[in-house]
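Line by line, the protein sequences are chains A and B. Under numbering that gives the first Met the number 0, the residues of the first sequence are numbered 0 to 300, in order. Under numbering that gives the first Met the number 0, the residues of the second sequence are numbered 0 to 319, in order. Cβ coordinates follow ideal geometry from the N, Cα and C atoms, glycine included. Nothing here was measured: the structure is a model prediction, and the numbers come from that model. Below is one structure, written out as structure tokens, with a few remarks after it.
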Amino acid sequence: MTESLQQIINGISLGSIYALIALGYTMIYGVLRFINFAHGDVFMIGAFVGFYLTPFIHRMFGGSVILVGVVVVLCAMAICSLLGIIIEKVAYRPLRSRPKLTILITAIGVSLFLEYGGQLIFGPDPKLFPTLIPSLTVFESQGVILNVNSLIVMATAFILMLILRFIVFKTKMGTAMRAVSYSHQAASLMGINIDTVVTTVFAIGSSLAAAAAILYASVYPSINPLMGIFPGLKAFIAAVLGGIGNLYGAALGGLIIGLIETFVTGYISSTYRDAIVFSILIFILLLKPSGIMGRFEAEKV
Amino acid sequence: MMSPNPHRPKLYLLAALTLCGGISYFQSYLNPYYYQIIIYIGINIILASSLNIINGLAGQFSLGHAGFMAIGAYASSVISTSLNLPPGSLWEPFLFLGALIFGGIMASLCGLLVGVPCLRLRGDYLAITTLGFGEIIRVIIQNLDFLGAARGFSGITKVSNFFWVYGLVSILIFLIYGLLNSTYGKGFLAVRDDEVAAEAIGINTTYYKVVAFVTGAFFAGIAGGLYAHFVTYINPSQFGFIKSFEIVVMVVVGGMGSIVGVIISAVLLTILPEALRAMAQYRMVIYSLLLIVIMLSRPQGLFGGHINWRRFRRNTGSRV
Numbered sequence: 000m001t002e003s004l005q006q007i008i009n010g011i012s013l014g015s016i017y018a019l020i021a022l023g024y025t026m027i028y029g030v031l032r033f034i035n036f037a038h039g040d041v042f043m044i045g046a047f048v049g050f051y052l053t054p055f056i057h058r059m060f061g062g063s064v065i066l067v068g069v070v071v072v073l074c075a076m077a078i079c080s081l082l083g084i085i086i087e088k089v090a091y092r093p094l095r096s097r098p099k100l101t102i103l104i105t106a107i108g109v110s111l112f113l114e115y116g117g118q119l120i121f122g123p124d125p126k127l128f129p130t131l132i133p134s135l136t137v138f139e140s141q142g143v144i145l146n147v148n149s150l151i152v153m154a155t156a157f158i159l160m161l162i163l164r165f166i167v168f169k170t171k172m173g174t175a176m177r178a179v180s181y182s183h184q185a186a187s188l189m190g191i192n193i194d195t196v197v198t199t200v201f202a203i204g205s206s207l208a209a210a211a212a213i214l215y216a217s218v219y220p221s222i223n224p225l226m227g228i229f230p231g232l233k234a235f236i237a238a239v240l241g242g243i244g245n246l247y248g249a250a251l252g253g254l255i256i257g258l259i260e261t262f263v264t265g266y267i268s269s270t271y272r273d274a275i276v277f278s279i280l281i282f283i284l285l286l287k288p289s290g291i292m293g294r295f296e297a298e299k300v
Numbered sequence: 000m001m002s003p004n005p006h007r008p009k010l011y012l013l014a015a016l017t018l019c020g021g022i023s024y025f026q027s028y029l030n031p032y033y034y035q036i037i038i039y040i041g042i043n044i045i046l047a048s049s050l051n052i053i054n055g056l057a058g059q060f061s062l063g064h065a066g067f068m069a070i071g072a073y074a075s076s077v078i079s080t081s082l083n084l085p086p087g088s089l090w091e092p093f094l095f096l097g098a099l100i101f102g103g104i105m106a107s108l109c110g111l112l113v114g115v116p117c118l119r120l121r122g123d124y125l126a127i128t129t130l131g132f133g134e135i136i137r138v139i140i141q142n143l144d145f146l147g148a149a150r151g152f153s154g155i156t157k158v159s160n161f162f163w164v165y166g167l168v169s170i171l172i173f174l175i176y177g178l179l180n181s182t183y184g185k186g187f188l189a190v191r192d193d194e195v196a197a198e199a200i201g202i203n204t205t206y207y208k209v210v211a212f213v214t215g216a217f218f219a220g221i222a223g224g225l226y227a228h229f230v231t232y233i234n235p236s237q238f239g240f241i242k243s244f245e246i247v248v249m250v251v252v253g254g255m256g257s258i259v260g261v262i263i264s265a266v267l268l269t270i271l272p273e274a275l276r277a278m279a280q281y282r283m284v285i286y287s288l289l290l291i292v293i294m295l296s297r298p299q300g301l302f303g304g305h306i307n308w309r310r311f312r313r314n315t316g317s318r319v
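Now the structure itself:
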């Protein structure tokens, strides 16, 4: 019982990180109908931005732990949203009217480029992410430990999701995004600039990935240029599980995948963790390809 | 398109096999390093051409080819080591052929397993699902003790030689051309070019996709068997998704659906990293840039589509 409760806390903390990455996948899929394979690698770049900036910011802002953490997260978000915009402009925009397979292969290319370019620049060996959040225990009862780390991860993820919800449902740009996700053609006839919307979506999605990366790296402090692959794939699976294109679905899917992963690690074996998460993807696609909250779309000729 | 003489392809095949047999008599005179590269080129041709059946001809996008290769490698090695292949005996070639085919069949059974759920998926989903399958296969092998788990599987007899590798290359190329001109080939192309339209004219698209997967996986398994019996030691990390990506790059650079193009690019992309050994750390960066640049500027691949050499055109007559 105690152990399960502990696993639930860990699972929700990990799951909220996956949820943040999954939101990026789902938003980009919503407007462009394609899976941004490079999203996991934008996540990795976010972690490295944090790694290189933290000592610098630490010197600038000194002692205040909260301030340093917030500034690091904001800087990583800004730099990654820029990266997302550049990727979209250079690699995806010229191909938007081409067959889906072309964009898919380009996205794989971008992903490999970031991974191996990262290996050249940052070096292939793992690095130790600086401690942003001191590991203190907030609450302990009968062996169940809730520490500051998981609390901050959950809180940050929750706040970012609320902000995202506000942007998507309450602002003009959000309305435009939802319109574009229904139909490019109708949206552009209504005077919506598709390119601006797509750029904004890439910026938001990538900045969420960067925030997730800082949170992830402060829980699992070993970072390396290939670290984005598995969190990226799992977040993608979370997005599919929740119903790709649906924001609530992505958040829900992220939590479910996080919980499943920690429970498999705790009770079965960590070696089968990735295989089991992939099998979930296959089962979802077999049983309910539209996901838990997604809407079904018939393919039109 | 019919060849003027229906037996001509068979004659070509026979000639190619004889040639391979002839050349393999002289393989011991070759510099071992060059010999190794030549063998790798052959294995990569088989891998790339078999992926080309799935990705190029049937238009499905698989990212798990290394998984099929792993199954072939392990299955054939298990058979050949448990039968204890006596080197140089009269039975050796037959046992080896049997082991290779067993590896191919195991791989194609897995291809069936992958193919059946994947029929409902297209494009991006399929790519990620096959990537996932490849990883699942790797994780499972890593946890199976009788396959050596993460330590790898050693003590495999070195049987693959020039004759085996290039003989199988010739057979594969022969079969692909035969396939292209058959009902199956036309079915693949129809599924690739327009799935909805193909379905509307009564083509069982699901069936053709599965056939493509199974055939592609079979030859990937054979390539795995040849590889295992050349390097004599295999371990699961050799068959990770980086290997799958390498095969995909060969197919995309050569031109998806172009048989000759894919063979040329398999040859070039095997030699290139060897020639540029000093720049080994740039290899994957160059590969990834190659993918992006080719998709942006020449999505039909370097050698696909418009080659003004009429013979090539006729043979790759798939691009209607």
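For residue 278 of chain B, the number of other beta carbons within 10 angstroms of its own is below 16, and it is reported as exposed. With contacts defined by Cβ atoms closer than 8 Å, residue 26 of chain A and residue 158 of chain A do not form a contacting pair. Counting only runs of 4 or more residues that sit fully inside the stretch 163 to 211 of chain B, the alpha helix (DSSP H) segments are 182 to 192 and 194 to 199, in chain order. Under the DSSP assignment, residue 146 of chain A falls outside any alpha helix (DSSP H), being part of the beta strand (DSSP E) whose first and last residues are 143 to 146. By the 16-neighbour rule on beta-carbons within 10 angstroms, residue 149 of chain B is exposed. Between residue 237 of chain A and residue 227 of chain A, the beta carbon gap of about 15 Å keeps them out of contact (Cβ cut-off 8 Å). Sixteen is the threshold: since fewer than 16 other Cβ atoms of the shown chains lie within 10 Å of the Cβ of residue 200 of chain B, the residue is exposed. Taking 9 Å as the cut-off between beta carbons, the residues of the stretch 106 to 124 of chain A near chain B are 106, 107, 108, 109, 110, 111, 112, 113, 114, 115, 116, 118, 119 and 123, in sequence order. Counting only the Cα atoms, residue 207 of chain B lies some 39 Å from residue 264 of chain A. For residue 140 of chain A, the uninterrupted beta strand (DSSP E) run begins and ends at 136 to 140, by DSSP.
Residue burial is scored here from C-beta neighbours: residue 54 of chain B has at least 16 other C-beta atoms within 10 angstroms and is therefore classed as buried.
Non-local C-beta neighbours of residue 224 of chain A in its own chain, meaning closer than 7 Å and more than five positions away in sequence, comprise 43, 114, 117, 118, 121 and 123, ordered along the chain. Check the Cα spacing between residue 89 of chain B and each of B/158, B/69, B/136 and B/30: the tightest is with B/158.
Annotation for residue 66 of chain B: 132, 133, 136, 137 and 238 place their beta carbon closer than 7 Å to its own, counting only its chain and skipping 5 residues before and after. DSSP places residue 88 of chain B in the coil class of the three-state scheme, outside both helix and strand. A straight-line Cα-Cα distance of about 10 Å links residue 4 of chain A and residue 142 of chain A.
Residue 160 of chain A and residue 250 of chain A do touch by the CB rule: their CB atoms are close to 6 Å apart, below 8 Å. A straight-line Cα-Cα distance of about 36 Å links residue 181 of chain A and residue 185 of chain B.
When CB distances to chain B are screened at a threshold of 8 Å, the residues of the stretch 269 to 283 of chain A falling below it are 270, 271, 273, 274, 277, 278, 280 and 281, in chain order. Residues 172, 173 and 203 of the same chain have their beta carbon placed closer than 8 Å to that of residue 166 of chain A, with the five preceding and five following residues left out of the count. Of A/139, A/209 and A/246, the smallest CA-CA separation from residue 168 of chain A is found for A/246. Annotation: residue 157 of chain B is outside any alpha helix (DSSP H) and is labelled neither H nor E by DSSP. Under the 8 Å criterion on CB atoms, residue 92 of chain A is classed as non-interfacial with respect to chain B. In the DSSP assignment, residue 243 of chain B falls within the alpha helix (DSSP H) that extends over 240 to 253. Per the coordinates, the alpha-carbon of residue 23 of chain A lies some 7 Å from the alpha-carbon of residue 208 of chain A.
Distance from the CA of residue 90 of chain A to the CA of residue 266 of chain B, rounded to the nearest whole angstrom, comes to 28 Å.
Within the DSSP secondary-structure output, residue 222 of chain A pairs in a beta bridge with A/126.
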